[in-house]
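Residue numbers (the UniProt record's numbering): 1 to 529.
Taking it in order: structure first as structure tokens, then the write-up.
Here it is in structure tokens:
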């Protein structure tokens with residue numbers, strides 16, 4: 001598994017730049033490649049938790065990067081120890097009772113006799129660190145964290161002051177992957193496979209996940225040299241600001257990237273090249289694991305799944321990172337190879353991370369512990385049997401979004417819908433894109449295709465209670481902000497100064513707005529210098 005790899009980089013039907021990802025293309029040639037695969041939520045913890053639990057993020061109440069799955073193997077009493085360290089046992093049990101997660105597919109495999117080994121980034125909680133191996137990126141933090149407080153106070157609609165972005169990169173890092181565990185993961189997974197892990201009479205599940213190409217944007221000359229000339233991909237095409245949807249303007253400003261088009265073109269070009277070189281590093285690290293698999297095992301007797309959690313804007317849409325439902329951030333790589341899967345398949349069916357739960361358990365012949373929202377991809381890959389649903393949905397309720405955002409794609413049409421900013425307010429108008437005619441999503445056709453908007457909106461309502469999901473997350477935001485920022489930083493006495501740690505330009509008017517939202521005072525005190 002990779003983190004933050006744009007799913008279009010392997011899709012030859014997409015106009016996106018194609019860095020040489022030789023190992024992933026080789027794996028795709030050995031099995032079935034799903035070019036139209038989507039994240040269930042374009043952020044690490046909601047995406048990975050949804051994948052592991054087989055449910056939508058709003059169903060399991062995993063909304064952001066600060067609280068993952070609290071319960072261990074479906075329990076609301078036995079809770080993740082990292083959650084307890086970050087908050088308290090009582091708080092984590094409260095999380096678990098609300099989440100009602102019935103375990104992960106990893107727990108289901110272990111309960112059925114599989115030997116489980118986990119290496120690398122997990123970022124989901126659920127007490128999965130109790131299995132052999134070494135995982136990292138604990139999704140439980142936020143107490144007194146300015147970043148978490150910004151997330152939980154998003155209803156205020158505040159943005160940082162806008163500057164021309166610096167677009168910081170490094171191209172001189174000997175081992176550029178930001179998490180040293182990437183190299184340990186690669187080494188240990190390869191050694192396990194070389195030692196004959198899959199020769200055992202005991203069924204095995206091996207999870208190998210790397211952080212790269214997740215930022216920081218670091219690389220070195222070795223990987224940069226692998227990137228061909230970017231040509232027309234050197235700079236993205238940015239929409240005129242007057243045409244940018246308010247949700248996308250809010251997100252770009254929240255990232256302090258609204259003035260991206262004023263940045264040095266050389267810096268934009270270099271950052272994009274650095275990102276593509278990071279994808280090449282990810283490909284080479286995964287290639288070492290795949291080479292070890294091929295040395296001792298065979299696709300005739302073991303399944304291999306490769307996927308990512310979400311994509312990366314790489315300066316498209318005046319953004320970096322993920323968090324939106326533009327194709328850059330929402331599309332993920334996905335391919336599977338193994339027994340009965342014909343080589344060289346390119347399957348255009350729409351798929352999602354929530355299809356992974358039923359797929360893995362189908363491969364293992366293990367019954368799910370919950371009714372999954374997705375479908376097993378095994379019948380599609382082995383028998384060319386079509387999925388029951390010809391659409392995918394996704395949702396996002398986290399940082400840089402002013403309100404709940406929902407996506408549905410069916411065929412070549414993709415709809416983005418928004419919850420009201422405040423109760424009683426009309427929501428932002430939806431966006432509709434024809435991805436066949438407009439793969440860069442520059443032409444919002446919602447206004448001239450009302451019947452398509454209505455039809456796709458009905459599919460969204462069929463899958464998700466959007467209003468209830470948005471209301472639940474906003475209530476969660478207020479509660480978390482109140483207890484783990486407002487009170488934790490000194491309440492009313494220090495509220496104003498504490499908010500200046502999040503927003504340097506936090507003003508008296510902002511303090512009044514905060515007080516009205518929170519129902520607690522935030523009196524103006526001496527400004528921080």
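Don't be surprised by glycine CBs; every beta carbon is placed ideally from N, CA and C.
Since the model is a prediction, treat every value here as computed from it, not as a measurement.
Cβ-Cβ distance between residue i and residue j below 8 Å
| i | j | result |
| --- | --- | --- |
| residue 220 | residue 172 | yes |
| residue 197 | residue 206 | yes |
| residue 282 | residue 2 | yes |
| residue 30 | residue 293 | no |
| residue 501 | residue 146 | yes |
| residue 43 | residue 412 | no |
| residue 27 | residue 508 | no |
| residue 426 | residue 419 | no |
| residue 378 | residue 402 | no |
| residue 552 | residue 238 | The structure shown has nothing for residue 552, since the chain only spans 1 to 529. |
| residue 380 | residue 334 | no |
| residue 434 | residue 386 | no |
| residue 367 | residue 417 | no |
| residue 470 | residue 365 | no |
| residue 54 | residue 73 | no |
| residue 280 | residue 24 | no |
Candidates the options, of which the one nearest residue i by Cα
| i | options | result |
| --- | --- | --- |
| residue 332 | 22, 51, 491 | 51 |
| residue 203 | 285, 277, 248, 301 | 301 |
| residue 393 | 480, 354, 426, 337 | 354 |
| residue 325 | 245, 378, 384 | 245 |
| residue 175 | 200, 370, 217, 386 | 217 |
| residue 454 | 411, 254, 415 | 415 |
| residue 358 | 370, 143, 263, 289 | 370 |
| residue 320 | 403, 214, 284 | 214 |
| residue 253 | 47, 288, 164, 209 | 164 |
| residue 236 | 15, 458, 409 | 15 |
| residue 137 | 407, 335, 68 | 68 |
| residue 208 | 286, 4, 148 | 286 |
| residue 36 | 372, 408, 105, 94 | 408 |
| residue 465 | 58, 22, 47, 38 | 58 |
| residue 373 | 519, 22, 462 | 462 |
| residue 263 | 280, 289, 162 | 162 |
| residue 47 | 499, 139, 272 | 139 |
Cα-Cα separation between residue i and residue j, rounded to whole angstroms
| i | j | result |
| --- | --- | --- |
| residue 87 | residue 504 | 27 Å |
| residue 303 | residue 517 | 51 Å |
| residue 529 | residue 481 | With a pLDDT of 48 at residue 529, under the threshold of 50, the modelled position of that residue is not reliable, and no figure is offered here. |
| residue 330 | residue 360 | 22 Å |
| residue 18 | residue 242 | 31 Å |
| residue 384 | residue 260 | 44 Å |
| residue 41 | residue 432 | 18 Å |
| residue 477 | residue 188 | 39 Å |
| residue 56 | residue 126 | 16 Å |
| residue 199 | residue 305 | 19 Å |
| residue 124 | residue 111 | 19 Å |
| residue 276 | residue 227 | 7 Å |
| residue 225 | residue 447 | 45 Å |
| residue 289 | residue 144 | 39 Å |
| residue 451 | residue 391 | 17 Å |
Host beta strand (DSSP E) of residue i (start-end)
| i | result |
| --- | --- |
| residue 119 | 115 to 121 |
| residue 407 | 405 to 410 |
| residue 434 | 431 to 434 |
| residue 297 | Segment: none, residue 297 is in no beta strand (DSSP E) and carries neither H nor E. |
| residue 538 | The structure shown does not extend to residue 538, since the chain is modelled only from 1 to 529, so the question has no answer here. |
| residue 414 | 413 to 418 |
| residue 468 | Run containing residue 468: none in the beta strand (DSSP E); it sits in the alpha helix (DSSP H), 466 to 481. |
| residue 336 | 334 to 337 |
| residue 395 | 391 to 396 |
Limits of the unbroken alpha helix (DSSP H) element including residue i
| i | result |
| --- | --- |
| residue 251 | 246 to 254 |
| residue 26 | 22 to 29 |
| residue 44 | 44 to 53 |
| residue 319 | Where residue 319 is concerned, there is no enclosing alpha helix (DSSP H), given that its DSSP letter is neither H nor E. |
| residue 191 | 181 to 194 |
| residue 357 | 356 to 364 |
| residue 223 | 221 to 224 |
| residue 105 | 105 to 111 |
| residue 344 | Here residue 344 belongs to no alpha helix (DSSP H), and DSSP marks it neither H nor E. |
Closer than 7 Å: residue i CB and nearest the ligand FAD heavy atom
| i | result |
| --- | --- |
| residue 124 | With respect to the ligand FAD, the structure shown offers nothing to examine, as it has no ligands at all. |
(message) So, does the segment 155 to 172 touch the segment 103 to 118, judging by three or more C-beta pairs under 8 Å?
(response) no
(message) Quick test of the definition: if touching needs 3 or more C-beta pairs under 8 Å, does the segment 68 to 82 touch the segment 397 to 404?
(response) no
(message) Pairs of beta-carbons, one from the segment 177 to 193 and one from the segment 237 to 251, closer than 8 Å: are there three or more?
(response) no
(request) Kindly confirm or deny that the segment 89 to 102 and the segment 128 to 135 touch, where touching means at least three C-beta pairs closer than 8 Å. (result) In short, these stretches do not touch, since the Cβ pair count stays below three.
(message) I'd like to know if the segment 491 to 511 and the segment 428 to 441 are in contact, where contact means that at least 3 CB-CB pairs between them fall below 8 Å.
(response) no
(message) Check whether the segment 509 to 523 and the segment 151 to 158 touch, using three or more Cβ-Cβ pairs below 8 Å as the test.
(response) yes
(request) Could you say if the segment 221 to 232 and the segment 312 to 324 meet the contact criterion of at least three C-beta pairs nearer than 8 Å? (result) no
(request) Could you tell me whether the segment 63 to 82 touches the segment 135 to 154, where touching means 3 or more Cβ pairs closer than 8 Å? (result) yes
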